[in-house]
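Residue numbers (the working numbering): 675 to 794. Data block below; observations after.
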């Protein structure tokens with residue numbers, strides 16, 4: 675598994691691009707911003723299947739719509755944060771987001787040969 679760290683946003687946030695080079699699939703974790711560097715990394719990764727959110731604060735979700743627009747990936751978020759991602763006042767995203775993307779919930783997600791599991 676190849677891991678690429680990209681930092682950006684109004685509050686510098688770590689975003690990670692996970693790529694299983696053997697399987698040819700990728701996922702992006704916490705795209706909390708939009709930037710040419712992140713766009714380029716998503717395009718270069720190719721087959722990005724998932725946007726994984728560790729939680730639903732604005733500095734982790736601001737770039738979700740753009741990531742989905744570029745990749746067509748599904749969005750995954752821990753089930754207890756689903757109410758927060760839907761409330762732009764509580765997550766402060768109304769300041770930054772024009773659109774939102776509804777998340778899909780899954781306890782375990784397969785990314786190539788690796789799997790990720792949501793835990794509290």
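We put the beta carbon where it would ideally sit given N, CA and C, even for glycine. On a predicted model such as this, the values are computed, not experimentally measured, just so you know.
- Here residue 728 carries a coil assignment [DSSP, helix/strand/coil].
- With respect to the C-alpha of residue 721, the residue from 727, 742 and 679 having the closest C-alpha is 742.
- Looking at the DSSP output, residue 694 shares a beta bridge with 699.
- Residue pairing from DSSP places residue 680 in a beta bridge opposite 689.
- Scanning 786, 757, 682 and 785 for the CA closest to the CA of residue 729 turns up 757.
- Beta bridge pairing from DSSP links residue 788 with 785.
- Residue 739 sits in a helix when the DSSP states are folded into three classes.
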